[in-house]
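Engineer: After the structure tokens below, expect a handful of questions from me.
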Amino acid sequence: NLANCFSLESITDVSNLELLHDLNLTNCEKVVDIPGLEHLTALQRLYMSGCNSSCSSAVKKRLSKVSLKMMRNLSLPGNRIP
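Under UniProt numbering, the sequence shown has 78 at position 78, and the numbering climbs by one with no breaks.
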């Protein structure tokens, strides 16, 4: 849970966190991408409300490359589904 980490600017490659179920980046306004997100096949909940639009765009591109079979909750800024 990294919610409300207003100073967080970057996240290292998360592809090795294959069993991660929840990722909460709510209000992490300075984060611009989540490298390796497309490899988190067990991810069930991703919260990114309050993140900037460039991060949202990068994340949507990464999510479009994977199957979201396990995803139960997805919260992204904006109103368009990737």
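Heads up, the beta-carbon is just placed ideally off N, CA and C, and yes, glycines get one too.
Going by Cα to Cα distance, which pick from 14, 32, 19, 2 is closest to residue 56?
Structural biologist: Comparing Cα positions, the closest option is 32.
Engineer: Alpha carbon to alpha carbon, how far is residue 54 from residue 16?
Structural biologist: Using only the alpha carbons, I get a separation of about 24 Å.
Engineer: Please report how far the alpha carbon of residue 69 lies from the alpha carbon of residue 37, in whole angstroms.
Structural biologist: Going by the C-alpha atoms only, they are around 14 Å apart.
Engineer: Just to confirm, are residue 1 and residue 45 a CB contact at a threshold of 8 Å?
Structural biologist: No, these two residues do not count as a Cβ contact at 8 Å.
Engineer: So what does DSSP say about residue 62, is it helix, strand or coil?
Structural biologist: It is helical.
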